[in-house]
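Chains as they are written, first to last, in the numbering used here: chain E, 753 to 1095; chain C, 753 to 1095.
By construction, the Cβ of each residue, glycine as well, lies at the ideal position given by its N, Cα and C atoms.
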DNA sequence: ATTAGCACTCCTTGGTGCAGAGTGCTAAAC
DNA sequence: GTTTAGCACTCTGCACCAAGGAGTGCTAAT
């Protein structure tokens, strides 16, 4: 079906998409012939456009408006037409300038990355913190806040820190707490959180530990801490989408903000991106999230070693500068990967 | 000047404000007499309203609209007219249900608190994390990520955790790192971060430490970590203000969102609230932030012991249900104070 | 001091009429 | 057979106007 498109149709489709990306106005046959040196008359273009509409690549808001690319058109554009630009030297510098790890915690680095993405793309930046369940434990620490209230700090290999306050049902002496810490570090270091969960259960049933009150206690406490935390999401540059003319009406805007405020849906969507390595693009309805019509998502995974550990990207209108944004997301993901490498 | 207001005028002003809070429409003389059993004719009310306008309590958008309370009117209302309600039993339950500390880190607790404030008030909730500079250090930990990259974890008395990644200019052995940790904990525990800063400088000039490479190194590293972090702000429920009719136009909305996205201004404003203990109310222009016209801020400080350590509150239109929101903010601040007490 | 009455002002809503942009079709040109 | 010029038609956006409604301010009567 896509093969039906001859070279000329492709060129015209591309011209329409690129024009629409710039102007955000339905584009008519005249406009195309004026802005592109095709040596074709408007009438011819009209015929081609009519065909393209038939095939589902274009839609007309109403009879006498120009035409607008459909999600299908963008998909085709991204897959076949688009010549991905390289990140320019100045963009690279800008990106690196805004992502510095030294003297910060991982959280701020990721937030800054998200801000950078939004700033540079003029849309929204999104970064999902490394999912902790897959993280490898480097160290566990207990800090006593009061007799029974204990602060547990988990440090992952990547430098991500997670902490929780838990309540013990009895007082624990500082000495005991120390012994527990050592015991648990020996037992759990180097395992992923997922592995740790089952390891704890295993160990709890172990004869030796069952009768050692202290160890039993330690296991019980650590079990409280490794509950599944939902990974943090840094969504920055919300205001940018207020400048997008497609979303200028207050109702639509409200809908979008509501969808992103309650982050569940976004989490699900981004988790889907985790599965596929590298660049991932959802165009409009492809995301299967109803509020995401006219919204596209460009993501890439970042990794330590061979494992993808998180996702970052840009959220904008389907009418987005793909040629510019895709390489930026790609480059940023590589950069973050490198930053998080512990070496 | 305020004494000029006789009982009747006050009643009418109160009626206008409360009507306007509910309807968001300029209120006319007819409406007042209909909704309130004053036994006064519209004409009389008109005369009073005219006086009130003269005195700066009311303004008319245009000749033939009703009248709208000014910031001055709200201020008078809040100070003199308002009978603050108690938090209802069910509100109390709701608030407590949504603020649980067990099994979470302080950050999530504060975020949840902010969400709760926005949910219950229908406006935006804001919570400023305890400012770290005033916090008392409970413990410092170093975790080696790689030879030179070190994760520093600071735990405050309140259970707040701050961590940073720093880069050392030479490799440090695990043993040395341990010794450094012990040394620093002995030196710095129980001091506030502010005190720690000067203590480090002091110690660096000390004869003993100057010639002990390890200690000198430790001081140098710790100095990197106690740089002034800007306190985190949890601003939740942004969408709620999209439902406020005053802000329904896209330009105004953009302005507001932009003002809150760049959090500096908000930080300054909230810091001002830190200075005064307890409830603090900024009405519209009182905040001296230009984008905050028609926006009010109700805050209260929360504390451990005698010290205010943070601020929380609600941001909404000046046309806000003060009678309901003020006690909610007050109650929440007390609750958070109690939660953070380490005992 | 209060109120009824009335003229006046201003916003809102709905209708009308054009100008502009774009299409689809047909017939002519290449 | 493809391309193009020409033309009728459609739809939006905008300006303009008129009528209706809400509310005020003033004056004169109670």
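- Query: Does DSSP classify residue 907/E as helix, strand or coil?
  - Reply: strand
- Item | residue 836/C - partner residues in DSSP beta bridges | Beta-bridge pairing links residue 836/C to no other residue.
- Nonlocal neighbours in the same chain, by C-beta distance under 8 angstroms from residue 889/C, ignoring five residues either side: 906, 907, 908, 909, 940, 941, 942, 943, 944, 945 and 948
- Message: Can you confirm whether the segment 998 to 1010 of chain E touches the segment 872 to 883 of chain E when touching is taken to mean that 3 or more C-beta pairs between the two stretches lie within less than 8 angstroms?
- Response: no
- Message: Any contact between the segment 770 to 788 of chain E and the segment 834 to 853 of chain E? By contact I mean 3 or more CB pairs, one from each, below 8 angstroms.
- Response: With the cut-off at 8 angstroms, the segment 770 to 788 of chain E and the segment 834 to 853 of chain E do not touch.
- Query: Name the chain C residues that come within less than 7 angstroms of residue 932/E, Cβ to Cβ?
  - Reply: The contacting residues do not exist; residue 932/E stays about 16 angstroms from chain C at best.
- What are the start and end residues of the beta strand (DSSP E) that includes residue 914/E? 913 to 919
- Query: Identify the residues that DSSP records as bridge partners of residue 1054/E: which are they?
  - Reply: 1062/E
- So, does the CB of residue 1008/C fall closer than 7 angstroms to a CB anywhere in chain E? no
- Message: As an exercise, report each continuous alpha helix (DSSP H) stretch of at least 4 residues that is fully enclosed by the segment 764 to 822 of chain E, in chain order.
- Response: 781 to 787 and 794 to 806
- Query: Would you call the CB atoms of residue 869/E and residue 1066/E closer than 7 angstroms?
  - Reply: In this structure, residue 1066/E lies closer than 7 angstroms to residue 869/E by Cβ.
- Should residue 1075/C and residue 834/C be called a contact, given that it needs their Cβ atoms to be closer than 7 angstroms? Between residue 1075/C and residue 834/C, the gap from beta carbon to beta carbon is short of 7 angstroms.
- Task: For residue 897/E, decide whether its Cβ has a neighbour in chain C, counting only Cβ atoms nearer than 7 angstroms.
- Result: yes
- Item | Positions along the segment 985 to 1003 of chain C whose CB lies within less than 7 angstroms of some CB in chain E | 990, 991, 994, 1000 and 1002
- Task: Rounded to whole angstroms, what's the CA-CA distance from residue 1018/E to residue 924/E? Just pull it up for me.
- Result: 41 angstroms
- Query: Between residue 987/E and residue 765/C, what straight-line distance do the alpha-carbon atoms span, to the nearest angstrom?
  - Reply: 44 angstroms
- Message: My assumption, with CB atoms under 8 angstroms, is that residue 1056/E sits in contact with residue 1025/E. Please give the rounded CB distance.
- Response: Residue 1056/E to residue 1025/E, Cβ: 17 angstroms. No contact.
- Candidates 1036/C, 1032/C and 1069/C: which alpha carbon is nearest residue 1078/C's? 1032/C
- Task: Compare the Cα-Cα distances from residue 861/E to each of 958/C, 918/C and 1043/C and report the closest residue.
- Result: 918/C
- Task: Closer than 8 angstroms by C-beta to residue 896/E: which residues in its own chain qualify, once you throw out the five before and the five after it? Chain order, please.
- Result: 902, 903, 924, 926 and 929
- Query: Can you name the residues of chain C whose CB is closer than 8 angstroms to the CB of residue 854/E?
  - Reply: 917, 918 and 919
- Message: I need the DSSP call for residue 958/E, collapsed to helix, strand or coil.
- Response: In the structure shown, residue 958/E sits in coil (DSSP, three-state: anything other than H, G, I, E or B).
- For residue 857/C, go through chain E and note every residue whose CB falls closer than 8 angstroms to its CB, in chain order. Under the 8 angstroms cutoff, chain E gives 914, 915, 916 and 917.
- Query: DSSP beta-bridge partners for residue 893/E?
  - Reply: 905/E
- Query: Anyone know if the C-beta pair for residue 809/C and residue 822/C falls short of 7 angstroms?
  - Reply: yes
- Step through the CB atoms of chain C and report whether any lies within less than 7 angstroms of the CB of residue 971/E. Taking Cβ atoms only, chain C never reaches closer than 7 angstroms to residue 971/E, which makes this a no.
- Task: Decide if residue 1095/E is buried, meaning its Cβ has at least 16 other Cβ atoms within 10 Å, or exposed.
- Result: Unreliable placement is indicated for residue 1095/E, whose pLDDT of 45 sits below 50; no coordinate value is reported for it.
- Item | Limits of the alpha helix (DSSP H) - the one that residue 1077/E falls within | Its alpha helix (DSSP H) spans residues 1074 to 1092.
- Message: Would you say residue 1043/E lies against chain C (beta-carbon separation less than 7 angstroms)?
- Response: Residue-level contact check: residue 1043/E does not touch chain C, since none of the beta carbons of chain C fall below 7 angstroms from its beta carbon.
- Item | Contact set between residue 863/C and chain E, taken where Cβ atoms lie within less than 9 angstroms | Near residue 863/C there are no residues of chain E at all, since even the closest Cβ is about 10 angstroms away, more than 9 angstroms.
- Query: Could you check where the alpha helix (DSSP H) with residue 1023/E kicks off and where it finishes?
  - Reply: Per DSSP, residue 1023/E belongs to the alpha helix (DSSP H) from 1016 to 1027.
- From residue 1005/C to residue 994/C, what does the alpha carbon distance come to, in whole angstroms? 8 angstroms
- Between the segment 810 to 844 of chain E and chain C, which residues of the former have a C-beta closer than 7 angstroms to a C-beta of the latter? none
- Query: Since residue 981/E contacts residue 914/E with CB under 8 angstroms, what's their CB separation in whole angstroms?
  - Reply: 6 angstroms
- Item | Residues that DSSP places opposite residue 988/C in a beta bridge | 877/C
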